[in-house]
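Here the numbering used here is used: the first residue of the sequence shown is 705, the next is one more, and so on.
Please read the structure below before turning to the comments.
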Amino acid sequence: MARRGTGRLLGWIGGVALATQGGAAFAQLNHQGNPNFGTRTLAPGFMPDPIRVNLTSGGNIGVASLGLGPGCTGWATSQPDFRINMTGNSGSLRVYVEGGSDTTLVINDAQNHWRCNDDSYGTTNPTVDLPNGGPGQY
Numbered sequence: 705m706a707r708r709g710t711g712r713l714l715g716w717i718g719g720v721a722l723a724t725q726g727g728a729a730f731a732q733l734n735h736q737g738n739p740n741f742g743t744r745t746l747a748p749g750f751m752p753d754p755i756r757v758n759l760t761s762g763g764n765i766g767v768a769s770l771g772l773g774p775g776c777t778g779w780a781t782s783q784p785d786f787r788i789n790m791t792g793n794s795g796s797l798r799v800y801v802e803g804g805s806d807t808t809l810v811i812n813d814a815q816n817h818w819r820c821n822d823d824s825y826g827t828t829n830p831t832v833d834l835p836n837g838g839p840g841q842y
């Protein structure tokens, strides 16, 4: 079963799989795969800030069963929805979603660590803060 929802990524985005809430895993996430909704290269201090990307979240992989860490739930595709290539160090990177359904952010950062969030700030919209984000793929 695939679950789909719509949402906008705002702020610092990339190497991101958006997942809607749902069930069982059929595959693994491939953060090196071709992004569903594009790639962007950014330098620290990028403008405009935030960046807005419209996309559709969800997929056929149950993220909760992959053991990626706290907050890693919902459904995603094996390839990322969007990728950011950061060219330098940034003191604070924030990725968040404004969407019409319960969405989860799943991010593979430049150090190859998984960062996830389901709900933030009392809403069903997720936020992931990445302090001291270095150069690389997100």
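Note that beta-carbon positions come from the ideal geometry of N, C-alpha and C, so glycine has one too.
Original post:
Quick one: Cα of N738 to Cα of R787, how far?
Top reply: 9 Å
Original post:
Just checking my contact of V799 with I811 at CB under 8 Å: how many whole Å lie between their CB atoms?
Top reply: 6 Å
Original post:
Would DSSP call L772 helix, strand or coil?
Top reply: coil
Original post:
Just how far apart, CA to CA, sit W818 and G778?
Top reply: Going from the Cα of W818 to the Cα of G778 covers about 14 Å.
Subject >> alpha helix (DSSP H) runs contained entirely in the stretch 729 to 808, provided each spans 4 or more residues >> reply: none
**OP:** Compare the C-alpha of S769 against each of S761, H735, A780 and Q815 and name the closest.
**Re:** Here the closest residue by C-alpha is A780.
**OP:** Please list, in chain order, all residues of the same chain as Q725 whose beta carbon is under 6 Å from its beta carbon, the five residues on each side excluded.
**Re:** Here the model assigns Q725 a pLDDT of 46, short of 50, so the residue's position is not dependable and the matter cannot be decided.
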